[in-house]
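Numbering follows our numbering, with no gaps: position 127 of the sequence shown is 164.
Working notes for the structure below.
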Amino acid sequence: MKKGSPENLLLAGEVVRPHGLDGRLKIRSYVQSEKSFLQSGVVFLKPRSGGTRAFTVSSVKPHKNNVLLTLKGLDSLEEAEEYRGAAVFIRRDSLVQEETDEYFWFDLIGLEVYLDTGKYIGTINHILPTGSNDVYVVREGETEVLVPAIHEVVKEIDLDARKMIITEMEGLLDLNEV
């Protein structure tokens, strides 16, 4: 996988608008921490008109619920305006996991989920962030199961096999029975 190849890029945010006169961009970030932009070192901007351009990250600052991104080679309001609404990508291989039992959401979405008895539950459709732990939304057809992302429930995650093994907690599956 080449560093700038599409399969190595992750959507990390969207340009809301230019910020100031010096080419800085206000970004709606889709990553957990603004540090991800710095760790990447390079961001790829893809405006709605098409084409993708790489920029070296000069600085990143949190700003309210957004991120202010300063990029080398983007030096004026006029240049920055061309990227209003652009998708912001970073290299997947630049992300660093803080802990060994920590997973990126993009790696978990689509995993098949099984009980430790072998019963198939469904696939992870999306993830809900909560204050204490994330919740995996597992769907199979019209059935939806909410699985708390806690060690007592999630027993094994095998990214290579694309599956997750869980232990059923009392009441976990009962609400979905008719």
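Just so it is clear, CB atoms sit at the ideal spot from N, CA and C, and this is done for glycine as well.
Counting C-beta neighbours from all protein chains within 10 Å, is the total for residue i 16 or more, i.e. buried, or is it exposed?
{"i": "residue 2", "result": "Lying before the first or after the last residue shown, residue 2 is absent from the chain, which here runs from 38 to 215."}
{"i": "residue 103", "result": "buried"}
{"i": "residue 169", "result": "exposed"}
{"i": "residue 57", "result": "exposed"}
{"i": "residue 54", "result": "exposed"}
{"i": "residue 71", "result": "buried"}
{"i": "residue 196", "result": "exposed"}
{"i": "residue 128", "result": "buried"}
{"i": "residue 165", "result": "exposed"}
{"i": "residue 206", "result": "exposed"}
{"i": "residue 120", "result": "buried"}
{"i": "residue 208", "result": "exposed"}
Going by DSSP in three states, residue i sits in which element: helix, strand or coil?
{"i": "residue 72", "result": "helix"}
{"i": "residue 103", "result": "strand"}
{"i": "residue 114", "result": "helix"}
{"i": "residue 38", "result": "Reliability fails at residue 38, whose pLDDT of 39 lies under 50, so the model's placement of it is uncertain and no value is given."}
{"i": "residue 77", "result": "helix"}
Kindly give me the distance between the Cβ atoms of residue i and residue j, rounded to whole angstroms, as I take these residues to be in contact under 8 angstroms.
{"i": "residue 97", "j": "residue 52", "result": "Wrong, their Cβ atoms sit about 14 angstroms apart, outside the cutoff."}
{"i": "residue 160", "j": "residue 175", "result": "7 angstroms"}
{"i": "residue 93", "j": "residue 78", "result": "7 angstroms"}
{"i": "residue 190", "j": "residue 204", "result": "6 angstroms"}
Mind listing, in chain order, the continuous alpha helix (DSSP H) runs of no fewer than 4 residues lying wholly within the stretch 120 to 170?
-> The stretch 120 to 170 contains these whole alpha helix (DSSP H) runs: 142 to 145.
Scan the stretch 173 to 204 and note each continuous beta strand (DSSP E) run of 3 residues or more that stays entirely inside, going in chain order.
-> 180 to 185, 191 to 195, 200 to 203
Taking 8 angstroms as the threshold, find out whether the stretch 72 to 89 comes into contact with the stretch 138 to 156 through three or more Cβ pairs.
-> Result no; under three Cβ-Cβ pairs closer than 8 angstroms.
Determine, using beta-carbon pairs with one atom in the stretch 58 to 65 and one in the stretch 108 to 116, whether at least three such pairs fall under 8 angstroms.
-> yes
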